[in-house]
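Novice: Handing you this structure, nothing more for now.
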Amino acid sequence: MGTLPFLSKANGAATPALQAGGQQDRAIADPPAPAPEQFGKAPAAQAAQQPQPAPLTGIDYVISRVKRGDFLCAGAVTINVSDATDNPREFVVKSKGFEFRMVPVVTASGAVRLENEAKGVIWLQVANRAMLMNQKKGQRMAAECLAKT
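The UniProt record's numbering puts the first residue of the sequence shown at 1, with every later residue one more than the last.
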(Lines of atoms letter the chains of each structure in order from A and count residues from 1; the text may use other names and numbers.)
(Lines give C-alpha, C1' and ligand atoms only; values in the text may rest on other atoms or scores of the structure.)
Protein backbone atom coordinates (compact mmCIF):
# COMPACT_ATOMS: atom_id res chain seq x y z
CA MET A 1 0.00 0.00 0.00
CA GLY A 2 2.48 2.60 -1.25
CA THR A 3 -0.08 5.11 -2.49
CA LEU A 4 -2.59 7.23 -0.69
CA PRO A 5 -6.02 5.57 -0.42
CA PHE A 6 -7.91 8.47 -1.97
CA LEU A 7 -5.79 8.21 -5.13
CA SER A 8 -6.42 4.53 -5.71
CA LYS A 9 -8.07 3.43 -8.93
CA ALA A 10 -10.63 1.42 -6.96
CA ASN A 11 -12.63 4.49 -6.00
CA GLY A 12 -12.34 6.10 -9.45
CA ALA A 13 -10.48 9.17 -8.24
CA ALA A 14 -7.48 8.58 -10.48
CA THR A 15 -9.48 7.96 -13.65
CA PRO A 16 -11.75 10.35 -15.54
CA ALA A 17 -15.44 9.76 -15.10
CA LEU A 18 -17.00 7.94 -18.03
CA GLN A 19 -20.62 8.27 -18.99
CA ALA A 20 -22.78 5.48 -20.33
CA GLY A 21 -21.84 6.33 -23.94
CA GLY A 22 -18.12 5.98 -23.17
CA GLN A 23 -17.50 9.72 -23.34
CA GLN A 24 -15.59 11.60 -20.69
CA ASP A 25 -17.65 13.80 -18.39
CA ARG A 26 -16.74 17.33 -19.47
CA ALA A 27 -18.82 19.09 -16.83
CA ILE A 28 -15.91 19.01 -14.41
CA ALA A 29 -13.46 20.60 -16.84
CA ASP A 30 -12.52 24.26 -16.42
CA PRO A 31 -14.19 26.60 -18.89
CA PRO A 32 -11.85 28.14 -21.45
CA ALA A 33 -10.36 31.49 -20.47
CA PRO A 34 -11.77 34.51 -22.33
CA ALA A 35 -9.61 35.83 -25.13
CA PRO A 36 -7.71 39.02 -24.18
CA GLU A 37 -9.13 40.79 -27.24
CA GLN A 38 -12.62 40.61 -25.72
CA PHE A 39 -11.83 42.85 -22.77
CA GLY A 40 -8.87 44.85 -24.06
CA LYS A 41 -5.28 43.94 -23.44
CA ALA A 42 -4.41 42.12 -20.26
CA PRO A 43 -2.07 44.01 -17.90
CA ALA A 44 0.59 41.32 -18.26
CA ALA A 45 0.42 41.62 -22.05
CA GLN A 46 0.79 45.40 -21.85
CA ALA A 47 3.84 45.09 -19.61
CA ALA A 48 5.38 42.53 -21.94
CA GLN A 49 5.01 44.86 -24.93
CA GLN A 50 6.85 47.77 -23.29
CA PRO A 51 10.56 47.57 -24.06
CA GLN A 52 12.60 46.95 -20.95
CA PRO A 53 16.00 48.63 -20.68
CA ALA A 54 18.85 46.19 -20.98
CA PRO A 55 20.63 45.55 -17.68
CA LEU A 56 24.01 47.21 -17.36
CA THR A 57 26.98 44.88 -17.62
CA GLY A 58 30.74 45.11 -17.48
CA ILE A 59 32.30 48.57 -17.35
CA ASP A 60 28.92 50.32 -17.63
CA TYR A 61 27.76 48.56 -14.46
CA VAL A 62 30.93 49.64 -12.62
CA ILE A 63 30.50 53.24 -13.84
CA SER A 64 26.92 53.31 -12.54
CA ARG A 65 28.09 52.23 -9.06
CA VAL A 66 30.95 54.73 -8.60
CA LYS A 67 30.17 57.13 -5.75
CA ARG A 68 31.10 60.65 -6.72
CA GLY A 69 31.82 63.58 -4.45
CA ASP A 70 34.01 64.25 -1.43
CA PHE A 71 35.31 61.51 0.85
CA LEU A 72 36.71 62.10 4.35
CA CYS A 73 39.63 59.80 5.05
CA ALA A 74 41.83 58.95 8.03
CA GLY A 75 44.34 61.66 8.89
CA ALA A 76 41.93 64.47 7.88
CA VAL A 77 42.53 63.79 4.18
CA THR A 78 39.73 64.83 1.80
CA ILE A 79 39.53 63.14 -1.60
CA ASN A 80 37.21 64.17 -4.43
CA VAL A 81 35.97 61.70 -7.05
CA SER A 82 34.35 63.24 -10.13
CA ASP A 83 33.65 62.48 -13.77
CA ALA A 84 36.33 63.48 -16.27
CA THR A 85 34.98 66.36 -18.36
CA ASP A 86 36.32 65.09 -21.69
CA ASN A 87 35.57 61.36 -21.30
CA PRO A 88 32.43 59.96 -19.61
CA ARG A 89 34.18 56.62 -19.02
CA GLU A 90 36.98 58.12 -16.91
CA PHE A 91 37.12 59.62 -13.44
CA VAL A 92 39.33 62.17 -11.69
CA VAL A 93 40.47 61.35 -8.16
CA LYS A 94 42.17 64.31 -6.52
CA SER A 95 43.26 65.80 -3.24
CA LYS A 96 45.72 68.52 -2.16
CA GLY A 97 48.90 66.79 -3.30
CA PHE A 98 47.75 64.75 -6.29
CA GLU A 99 45.31 64.31 -9.16
CA PHE A 100 44.84 61.03 -11.04
CA ARG A 101 42.75 60.17 -14.09
CA MET A 102 41.36 56.70 -13.59
CA VAL A 103 39.39 54.14 -15.57
CA PRO A 104 36.94 51.60 -14.12
CA VAL A 105 37.91 47.94 -13.96
CA VAL A 106 35.54 44.98 -13.62
CA THR A 107 36.23 42.88 -10.52
CA ALA A 108 35.05 39.40 -9.60
CA SER A 109 34.17 40.54 -6.07
CA GLY A 110 31.83 43.30 -7.19
CA ALA A 111 33.91 46.06 -5.59
CA VAL A 112 34.21 49.32 -7.52
CA ARG A 113 37.80 49.62 -8.75
CA LEU A 114 39.25 52.62 -10.55
CA GLU A 115 42.86 52.49 -11.60
CA ASN A 116 45.61 54.50 -13.20
CA GLU A 117 47.80 51.75 -14.57
CA ALA A 118 50.69 54.03 -15.58
CA LYS A 119 51.16 55.35 -12.03
CA GLY A 120 50.05 52.17 -10.27
CA VAL A 121 47.30 53.91 -8.27
CA ILE A 122 44.00 52.22 -7.38
CA TRP A 123 40.79 53.64 -5.86
CA LEU A 124 38.62 50.92 -4.27
CA GLN A 125 35.03 51.39 -3.10
CA VAL A 126 33.31 48.66 -1.12
CA ALA A 127 29.84 49.45 0.23
CA ASN A 128 30.23 52.77 2.07
CA ARG A 129 34.04 52.71 2.45
CA ALA A 130 36.87 53.51 0.08
CA MET A 131 40.66 53.63 -0.05
CA LEU A 132 43.40 54.90 -2.36
CA MET A 133 46.43 52.65 -2.80
CA ASN A 134 49.74 52.93 -4.62
CA GLN A 135 50.56 49.44 -5.88
CA LYS A 136 54.07 50.34 -7.04
CA LYS A 137 55.08 51.50 -3.56
CA GLY A 138 52.86 48.97 -1.79
CA GLN A 139 51.24 51.53 0.49
CA ARG A 140 47.93 53.19 1.19
CA MET A 141 47.70 56.82 0.20
CA ALA A 142 44.33 57.27 1.93
CA ALA A 143 42.44 54.79 4.09
CA GLU A 144 39.08 54.49 5.82
CA CYS A 145 37.44 56.98 3.48
CA LEU A 146 33.72 57.68 3.99
CA ALA A 147 31.52 59.62 1.60
CA LYS A 148 30.30 62.98 2.87
CA THR A 149 26.54 63.15 3.10
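Where is the CB? At the ideal position from N, CA and C, for every residue including glycine.
No experiment lies behind these values; they were computed from the predicted model shown.
Looking only at its own chain, which residues have a Cβ that is under 8 Å from the Cβ of S64, when we skip the five neighbours before and after it?
Specialist: Answer for S64: L56, listed in chain order.
Novice: Is it the case that the Cβ atoms of V93 and L124 are separated by a distance below 8 Å?
Specialist: Not a contact, by the Cβ cut-off of 8 Å.
Novice: Determine the burial state of A74: buried for a count of at least 16 other Cβ atoms within 10 Å of its Cβ, exposed for fewer.
Specialist: That one is exposed.
Novice: Less than 8 Å separating the beta-carbons of G97 and V81?
Specialist: Cβ atoms of G97 and V81: not closer than 8 Å.
Novice: Would you list the one or two residues that DSSP bridges to S82?
Specialist: In DSSP, S82 forms a bridge with V92.
Novice: Please report the distance separating the alpha-carbon of L72 from that of A147.
Specialist: So the alpha carbons of these two residues sit roughly 6 Å apart.
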